[in-house]
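Only one structure is covered here, and it is reproduced in the block below.
Numbering (our numbering), first residue to last: 2 to 487.
Structure follows, in structure tokens:
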């Protein structure tokens, strides 16, 4: 049973009972019962009953193989939402050994030229003789084992029954508070120490307030590997990658600063992202954490696309921050970014739209602190994504990612657009020069049109190029080619 609700709530219940019973052959006779063969005989949970004597006579060996009946129960329940999750369960497994039963009104005679092979139940630390006594006492139809014990040609095989039970109960933070703690800790302490602090805090809360449990989580093998990867990547970024690519990376928020209004700047951004992501992936692979360079390349592409897209919105979308038109544009861009990165369009649209609607007020609230504003936007995106039915940890991460990119590369981005500024300067200079030389109005107009088309200049037209790129991308999506069209 599974039920889903709002804010990521989900209830599950699983009850399973397994019963396996072995049914052996049964032979019943009012008089003597004799089973005679020139070769081997094999009995498996057989039931032999005679009003007089039972005789088993084999020219080879006789094997009495035991079988096991099984009874297994498993009962589990879980109740979770984005804030808190809990689960409990119990179950048991019990095996019952079944051996051949023989009941005779007279004597039981077993003859085997090559001896007997008999499975016997293991009972604690008892000897074979003690086990036989216990089995015969519990079930008179197994008394024949006592007679077999007197023989010297029996190969006894001890078989152990399985009896096991389990009972567990656990609870802990859901995806939303876990992510919120990680985001806030990263703002105050940075990516490295923030990860340590958030692991400790989450581990302590999930451990019922036990500081030892928090310390254990924060110093686990996987956590320590994560810290090393973060530290090395940060160090290489600040000391080498930024210089190689001509960018600046904020050590607190990870924002990469470059001119995203030009293809050169976008390339520099992608290069920095690629170096960071490939380094992390390589280190994860070396440390046995499953790093994949393909995933690193994909992450680079999505982050570059997000930064360039929101930067372009800031360059060319008219109106003040937070107006209806810009909210709708942000929602559309955020939805598309979420969808192409493997998430849900609605998640990205809600996160980006809500962030654009609130970002100006948030900026006033944090008194213009860009890092605090970036953190606040992540929280807005996370909470906006949480309002969806069926929201989970992945959708919350997507919402936070979209909103953060919207703030860093739109609201906090430089939208003076060097390309447009240089066009304006070139046009003004050209107009003034031509007028001073006595050019006609028609000649001046022709030069202005040429400059508008980009003629006589090596500068790209960012708006045109952005529209072209999105056009190619969407054409690929509609034709089923996905990112191959970019």
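Note that CB positions come from ideal geometry on N, CA and C, so glycine has one too.
Every value quoted in this text rests on a predicted model; they were computed, and no experiment measured them.
Where residue i sits in the DSSP three-state scheme
i	result
residue 14	strand
residue 397	helix
residue 173	strand
residue 64	strand
residue 97	strand
residue 23	coil
residue 56	strand
residue 150	helix
residue 323	coil
residue 292	coil
residue 381	helix
residue 78	strand
residue 41	coil
residue 29	strand
residue 351	helix
residue 336	helix
residue 403	helix
residue 299	helix
residue 156	strand
residue 345	coil
residue 211	coil
residue 161	coil
residue 90	strand
residue 374	helix
residue 179	helix
C-alpha distance - residue i paired with residue j, whole-angstrom precision
i	j	result
residue 71	residue 122	15 Å
residue 25	residue 66	11 Å
residue 250	residue 405	15 Å
residue 208	residue 217	10 Å
residue 312	residue 222	39 Å
residue 42	residue 81	58 Å
residue 392	residue 159	54 Å
residue 275	residue 301	5 Å
residue 201	residue 409	29 Å
residue 10	residue 234	37 Å
residue 294	residue 285	10 Å
residue 241	residue 227	21 Å
residue 351	residue 315	18 Å
residue 125	residue 90	29 Å
residue 198	residue 219	8 Å
residue 402	residue 334	13 Å
residue 482	residue 341	Below a pLDDT of 50, predicted positions are generally treated as unreliable, and residue 482, at 38, falls in that range; the measurement from the model is reported next regardless. Looking at the two C-alpha atoms, the distance is approximately 12 Å.
residue 229	residue 127	54 Å
residue 288	residue 278	15 Å
residue 291	residue 366	41 Å
residue 378	residue 348	15 Å
residue 263	residue 317	14 Å
residue 497	residue 141	Outside the shown range of the chain (2 to 487) lies residue 497, about which nothing can therefore be said.
residue 337	residue 390	20 Å
residue 18	residue 35	41 Å
residue 237	residue 252	11 Å
Own chain residues within Cβ distance below 6 Å of residue i, not counting five before or after
i	result
residue 206	174
residue 344	399
residue 361	322, 323
residue 107	53, 54
residue 93	74, 166
residue 154	116
residue 172	87
residue 16	76
residue 394	176
Pair within 8 Å by beta-carbon distance, residue i and residue j
i	j	result
residue 146	residue 133	yes
residue 192	residue 246	no
residue 356	residue 381	yes
residue 110	residue 20	no
residue 309	residue 257	no
residue 282	residue 305	no
residue 372	residue 259	no
residue 376	residue 184	yes
residue 407	residue 331	yes
residue 161	residue 79	no
residue 39	residue 60	yes
residue 143	residue 149	no
Same chain only: Cβ atoms within 7 Å of residue i, ignoring 5 sequence neighbours per side
i	result
residue 23	46, 68, 70, 99
residue 29	50
residue 187	195
residue 37	58
residue 170	89
Own chain, CB closer than 8 Å to residue i, minus 5 neighbours either side, in chain order
i	result
residue 243	249, 250, 273
residue 397	83, 176, 177, 180, 383, 386, 387
In chain order, each beta strand (DSSP E) run of at least 3 residues that lies wholly inside the stretch 101-143: Runs of the beta strand (DSSP E) inside the stretch 101-143: 102-105, 109-113, 117-122.
Counting only runs of 4+ residues fully inside the stretch 217-279, write out the alpha helix (DSSP H) ranges in chain order. Restricting attention to alpha helix (DSSP H) runs no shorter than 4 residues, the stretch 217-279 encloses them at 222-237, 243-246, ordered along the chain.
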